[in-house]
Amino acid sequence: MAATVSAKHIAIIGMGKMGEAIAQGLMESKLASQYKITGTTRSEESSKEVHDSLKISCSTDNSAAIKGADIVLLAIKPHQVEAVLQTNQKNFRSDQLILSICAAISTDQISEWSGGKAAVIRSMPNTPCLIKNGVTAICKGPRCEDSHLREAEKIFKELGEVTILEESLFDGVTGLSGCGPAYIYLMIEALSEAGVKVGISRKQATMLAAQTMMGAAKMVLDRGEHPASLKDEVTTPAGCTIDGLMALEEGRLRVTLIKAVLAATRRSQRMRFAK
Ligand SMILES: NC(=O)c1ccc[n+]([C@@H]2O[C@H](COP(=O)([O-])OP(=O)(O)OC[C@H]3O[C@@H](n4cnc5c(N)ncnc54)[C@H](OP(=O)(O)O)[C@@H]3O)[C@@H](O)[C@H]2O)c1
């Protein structure tokens, strides 16, 4: 559906994986008529690719994009944020919202680098936003009103689930749900290998592993029970599952997953402190 004349303009600065996923998700959502989406990239070549694939206006001109925007969605790499915002300080206005998805960059940094006029919201989505099954944490920053937070919530709700969290927890969110899809893909790949080892075709083993992962996740979300009690439901006394679980405990799967999240969280912290 085309955007209406009074549609708000979202300028996505950085049309890479996440910028594209958000643009595409919104354009395919019921909010399509409420927002006009444009993008920017660093290279002309990337701009052309985005234009050709999404049929939206995309350029390398951050200045024009920011000037014309109601919402500036920052989707560049964290180390690029300071330069892009400082170069464009004069283009930000007090009636704008800066919505950042950048790992490790605080709302105070964004506000300072952009000149302190626009309202700021920080968010941490993940790649399943591309298929509207993502999860996004959001938090308020300087000059952010409840109406801004509601707008960010509305936008990310079209791409999956949304939760509002303290900014102090954002490095942890990055380590858990931001990076999390990669951990899950690794587990699906490993389970699929196991299927192949016991004689199932690669295709069927991958489907069995992925659907099992999705079904179990849906049970946790729909039933709202502790995962341990759902695990007990599968674990018949002297059955097969307990043997599998024992092997996982021997391999220290639980502590390994906890360490993975902590390692990614520390990396996110270091990215900020390195500034
Ligand atoms: N990937 C994830 O799973 C994930 C999840 C949550 C949050 N994030 C956050 O999302 C942000 C983007 O990540 P990504 O994975 O989408 O990165 P990406 O695929 O590398 O995309 C970066 C984009 O920024 C563009 N860009 C670079 N410099 C620019 C500039 N000066 N002006 C305008 N555009 C510029 C690039 O254009 P060119 O192609 O021309 O270089 C590219 O389109 C990061 O801050 C990351 O922390 C990522």
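Going by my numbering, the sequence shown opens with residue 50, and the numbers climb by one from there.
Ideal placement from N, C-alpha and C gives every residue a C-beta, glycine not left out.
- Message: On the criterion of 16 or more Cβ atoms from any shown chain inside 10 Å, does V121 qualify as buried, or is it exposed?
- Response: buried
- Task: Could you check the C-alpha separation between D110 and T89 for me, to the nearest Å?
- Result: 7 Å
- Query: Can you tell which of P230, S112, A153 has the C-alpha that lies nearest to the C-alpha of R315?
  - Reply: Of P230, S112, A153, the residue nearest in Cα terms is A153.
- Message: Report the CB separation of A56 from Q83 in whole angstroms; it is logged as a contact under 8 Å.
- Response: Correct: roughly 6 Å between the Cβ atoms.
- Message: With H, G and I counted as helix, E and B as strand and the rest as coil, what does DSSP make of V310?
- Response: helix
- Within its chain, find whatever has a CB closer than 6 Å to the CB of C205; leave out the 5 residues flanking it on each side and keep chain order. Here residue 205 is Phe; the residue named in the question, Cys, does not match the sequence. These residues qualify, in order along the chain: T185, V211.
- Opposite G209 in the DSSP bridges: which residues? G183
- For C178, write down the residues that DSSP places opposite it in a beta bridge. For C178, which the question treats as bridged, DSSP gives no partner whatsoever.
- Check whether L208 and I170 have beta carbons under 8 Å apart: No, they are not a contact pair.
- Taking the C-alpha atoms as reference points, what is the distance between A114 and A254? 46 Å
- Message: Whether or not the region 254 to 266 and the region 235 to 244 are in contact is what I'm after, with contact meaning three or more pairs of Cβ atoms, one per stretch, closer than 8 Å; do they touch?
- Response: Segments in contact, yes.
- Item | Alpha carbon of A132 to alpha carbon of Q158, nearest angstrom | 12 Å
- Query: Quick one: any contact between the region 138 to 157 and the region 101 to 110, if contact means 3 or more CB pairs under 8 Å?
  - Reply: With the cut-off at 8 Å, the region 138 to 157 and the region 101 to 110 do not touch.
- Which word fits V99, buried or exposed, when buried means at least 16 other C-beta atoms lie within 10 angstroms of its C-beta? Buried, because 16 or more other Cβ atoms sit within 10 Å of the Cβ of V99.
- Query: What number of angstroms, rounded off, separates the C-alpha of G227 from the C-alpha of L75?
  - Reply: 19 Å
- Cα-Cα separation, G65 to E274: 37 Å
- Query: Within the present structure, is the beta-carbon of I170 separated from the nearest heavy atom of ligand 1 by less than 7 Å?
  - Reply: no
- Query: Thinking just about the alpha-carbon of each residue, which of G117, S278, K166 is nearest to the one in P191?
  - Reply: K166
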